[in-house]
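For the record, in the sequence shown the residue sitting at position 226 is 226 according to UniProt numbering, with numbers rising by one throughout.
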Amino acid sequence: MSAALDVAGVSHRFGQRAALSDVSLTVERGHFMALLGPNGAGKTTLFSVITRLYNNQEGRVSILGHPLDREPSRALAGLGVVFQARTLDTDLTVAQNLHYHASLHGIGRAAARARIEALLARVGLAERRDDKIRTLSGGQSRRIEIARSLIHAPRLLLLDEPTVGLDLESRADIVAIVRALVREEGLSVLWATHIFEEISPEDDAVVLHKGRIVARGRAGEIGGPGESLEDAFRRLVAAPDKRTVRSAA
Ligand SMILES: Nc1ncnc2c1ncn2[C@@H]1O[C@H](COP(=O)(O)OP(=O)(O)OP(=O)(O)O)[C@@H](O)[C@H]1O
């Protein structure tokens, strides 16, 4: 079976600045992959290429076996995205936001209602259905954004630093919700972050730095002997002479 996401040799430039250089990665179906990178590494640019906000300049992207350039509708139909910036309408209720999004996907009213109930239960916010978004906490809004990203039942979910600015408990809730989706529904996830507590040793991981992948493998194996993932990350994004590119996979 084809991978959930296959990125092959993708490069992207903003004028003279190379934001991505020959990036390749594969998210297998039912896997959680952490995309680790410091500010400016290129994570958001990569997500923008995968979601087709930016035209692909070089390289190939396939989602669930559908090439993004040749079959964009089929590729994007299987993709859900939680962007870094918040995009819910704060003056509308939770249900109104979700129904609006469902109609954008062409989902009928009755099917949307059932799907929204199931998703609100999934993110633990069924009782907030009729509340305006502006009355929710930051963590609760994020959970609604996750529900919204899943409205069309995608099989691959991209999340761009979804826990930034949230307290410890809200962060843990969001990580737990997404991990349950992977475990129980076989969802495939690409999770961009620079928060190490969100990553488990058995996760697949890639480290992106200055637009290049500088390490990949099981998160627990990216460090050298006796070296934590966090220490390995600091070494990898430090001066080039301190860096040894490792491939644990
Ligand atoms: N629209 C743009 N025009 C010009 N340069 C850009 C643009 N968007 C991003 N860049 C540059 O491309 C590089 C990668 O940025 P990007 O936002 O993808 O990084 P990031 O890993 O998502 O960082 P952060 O964690 O801060 O969101 C940076 O050098 C950034 O300044």
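Yeah, the Cβ is synthetic: ideal placement off N, Cα and C, and Gly gets one too.
Predicted, not measured: the structure shown is a model, and the values here were computed from it.
Are VAL123 and ARG143 touching if we call contact CB-CB under 7 Å?
yes
Can you give me the Cβ contacts of ARG74 inside the same chain, cut-off strictly under 7 Å, excluding the 5 residues immediately before and after it?
HIS66
Give a single yes or no on whether ALA85 has its beta carbon closer than 6 Å to a heavy atom of ligand 1.
no
Please list the terminal residues of the continuous beta strand (DSSP E) segment that includes GLY138.
Taken as a continuous stretch (DSSP letters only), GLY138 belongs to no beta strand (DSSP E), being part of the alpha helix (DSSP H) at 138 to 149.
Helix, strand or coil at ASP173 according to DSSP, with G and I counted as helix
helix
Residue of ILE199, ALA215, GLY78 minimising C-alpha distance to HIS105:
GLY78
I'd like to know whether the C-beta atoms of SER21 and GLY9 end up nearer to each other than 7 Å.
no
At the level of alpha carbons, what is the spacing between SER103 and ARG109?
8 Å
Any heavy atom of ligand 1 inside 6 Å of the beta-carbon of ALA205?
no
Three-state class that DSSP yields for SER2 in the structure shown
coil
Specify, as a first and last residue, the run of the alpha helix (DSSP H) that SER48 falls within.
43 to 50
Any residue with its C-beta under 6 Å from a non-hydrogen atom of ligand 1 counts. Can you list them all in chain order?
PHE14, ARG17, ALA19, GLY37, ASN39, GLY40, ALA41, GLY42, LYS43, THR44, THR45
Among GLY40, ARG29, PHE83, which has the Cα closest to the Cα of PHE47?
PHE83
ASP69 to GLY217, Cα distance in whole Å?
28 Å
Expressed to the nearest angstrom, what Euclidean distance is found between the alpha-carbon atoms of TRP191 and THR45?
14 Å
Contact set for LEU159: own chain, Cβ-Cβ below 6 Å, skip 5 residues either direction
VAL82, TRP191
Return the first residue and the last residue of the beta strand (DSSP E) that ASP204 is part of.
204 to 209
At what residue ranges does the stretch 67 to 148 contain a whole run of the alpha helix (DSSP H), taking only runs of 4 or more?
72 to 77, 94 to 104, 109 to 122
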